[in-house]
Amino acid sequence: MKKIELKGIFKSYLDNQILNDINFSVKSGEAFVIVGPSGSGKSTILNLIAGLVKPDFGEVFMGGREITHENSKNRNVSFVFQDFALYPHMTVYNNIAFALKSKRMNKTDIRARVESISHKLQIEKLSNRYPNELSGGQKQRVALARALATEAEIILMDEPLSSLDTDLRFKLHEELKEFHKENNTTLIFVTHDQTEAMTIADRIMIINNGIIEQIGTPREIYLEPKTPFVGRFFGTPKMNLFKDETGKLFGVRPQHIKISDIDSGEPVVIKSIDYLGKENWIHFEYDAHPFILLTTRMDLEVGQTIHIILEESKIAIF
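The following block contains the structure:
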């Protein structure tokens, strides 16, 4: 397996600066998720690693060797696209086998490889079907099988699950994690979905407007956000932000605000309540800032005064 490094990467299209001084590395065998809003530069980073585009400035390394201007065919990288990019005129079997045939493998080895991958991804019964005969989940498995069949050292995935329904996405998250664990492949996965990022990643990189906001484990990203953007991007409902009298910015998550059973803490008036089954979102104002807290209490009413306590150890300082 090979470590991937991007150093001092700048990339623009016409007058639009897409990436601005990007520096990061991906460990061998790691599940590394790049997350951020649409247009933040996520897909451009994958294209740079794959060799589909070149940076304006900066260098790309793979296994310690610079490959910035090397042909994409020489990088031993597989790419799973958002729209799956299956060949419509080929069967599932031939879609998976296509890259192996281009490597001039013999038919016996190709069949063994395709059948092995198809079995692991539970698509062996689909081998004679065409893409237009497959469901979204089946297409995704075929696209993943095609990427894995080449035994590439690095698999790049550009929002491959975004078009699928929630239940199917969750199932494929689990399958992808299991397959990654079994094969120890380096996986770089792009998404705009915070839950998807937290579910799949060993480490997460948050990018916004072409700038890296933070890199860390899912736990670090959630509990120790380095910027207000990261604090607000992860978590539902969003992190509460507020300033002190000096103008310094702080953040606290809704679950880290407690309702006191006695008249201690700060008194606030409930403005509205979102009833969500097992928990409620309580909206109020605190020191002229809008806040939300989470509670399982069902006895609260709009207009009621409650006393709140912010868990000081959980307050982020920006």
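Quick note on numbering: the sequence shown equals residues 4 to 321 in our numbering. Quick reminder that beta carbons are idealized off the backbone N, C-alpha and C, glycines included.
Taking the beta strand (DSSP E) that residue i falls in, what are its first and last residues?
i	result
residue 103	Looking at the DSSP string, residue 103 is not in any beta strand (DSSP E); the run it does join, the alpha helix (DSSP H), is 95-105.
residue 194	189-194
residue 224	That residue, residue 224, is in no beta strand (DSSP E); its alpha helix (DSSP H) goes 221-226.
residue 67	Run containing residue 67: none; DSSP gives neither H nor E here.
residue 127	That residue, residue 127, is in no beta strand (DSSP E); it is neither H nor E in DSSP.
residue 34	34-38
residue 206	206-211
residue 298	292-298
residue 266	Run containing residue 266: none; DSSP gives neither H nor E here.
residue 156	Careful: residue 156 lies outside any beta strand (DSSP E) and carries neither H nor E.
residue 14	7-16
residue 186	Taken as a continuous stretch (DSSP letters only), residue 186 belongs to no beta strand (DSSP E), being part of the alpha helix (DSSP H) at 169-186.
Span of the alpha helix (DSSP H) holding residue i?
i	result
residue 140	139-152
residue 280	Careful: residue 280 lies outside any alpha helix (DSSP H) and carries neither H nor E.
residue 24	Unbroken run through residue 24 is the beta strand (DSSP E), 19-29; no alpha helix (DSSP H).
residue 308	Run containing residue 308: none in the alpha helix (DSSP H); it sits in the beta strand (DSSP E), 308-313.
residue 46	45-53
residue 233	231-236
residue 135	Unbroken run through residue 135: none, as it is neither H nor E.
residue 201	197-203
Here's the rule: buried if 16 or more other CB atoms are within 10 angstroms of the residue's CB, otherwise exposed. What is residue i?
i	result
residue 257	buried
residue 104	exposed
residue 169	exposed
residue 300	exposed
residue 5	buried
residue 100	buried
residue 213	buried
residue 91	exposed
residue 259	buried
residue 152	buried
residue 116	buried
residue 188	buried
Alpha carbons only, please: which of the options is nearest the one belonging to residue i?
i	options	result
residue 149	204, 122, 27	122
residue 45	193, 66, 68	193
residue 162	48, 108, 181	48
residue 63	112, 211, 26	26
residue 164	157, 156, 174, 158	174
residue 319	304, 235, 289, 295	235
residue 125	80, 178, 88, 93	178
residue 3	30, 8, 12, 9	This structure does not reach residue 3, given that the chain is present from 4 up to 321, and the question cannot be answered.
residue 183	155, 210, 198	155
residue 13	51, 40, 41	51
residue 41	247, 211, 303	211
residue 228	209, 112, 266	209
residue 316	253, 69, 302	253
residue 85	97, 216, 110, 147	147
What does a CB cutoff of less than 6 Å around residue i pick up in its chain, not counting 5 residues either side in sequence?
i	result
residue 95	129, 130, 132, 145
residue 171	140
residue 312	261, 263, 268
residue 255	243, 313, 318
Can you tell me the Cβ-Cβ gap for residue i and residue j, rounded? I've got them flagged as a contact below 8 Å.
i	j	result
residue 36	residue 203	6 Å
residue 277	residue 283	6 Å
residue 87	residue 230	The Cβ separation is near 34 Å, so there is no contact.
Ignore the nearest five residues each way along the sequence and tell me which others in residue i's own chain have a CB closer than 8 Å to its CB.
i	result
residue 72	57
residue 53	75, 78, 80, 82, 159
residue 225	201, 237, 238
residue 288	271, 272, 274, 294
residue 127	118, 121
residue 298	262, 282, 283, 285
residue 265	310
Within a Cβ cutoff of 7 Å, which residues of the same chain sit near residue i, ignoring the five residues on either side of it in sequence?
i	result
residue 15	21, 59
residue 206	33, 35, 218, 219, 220
residue 200	36, 38, 194, 207
residue 134	89, 91, 142
residue 241	235
residue 66	5, 6
residue 28	6, 7, 8
Kindly indicate if chain D contains any beta-carbon less than 9 Å away from that of residue i.
i	result
residue 188	Protein chain content of the structure displayed is limited to a single chain, and chain D is not contained in it.
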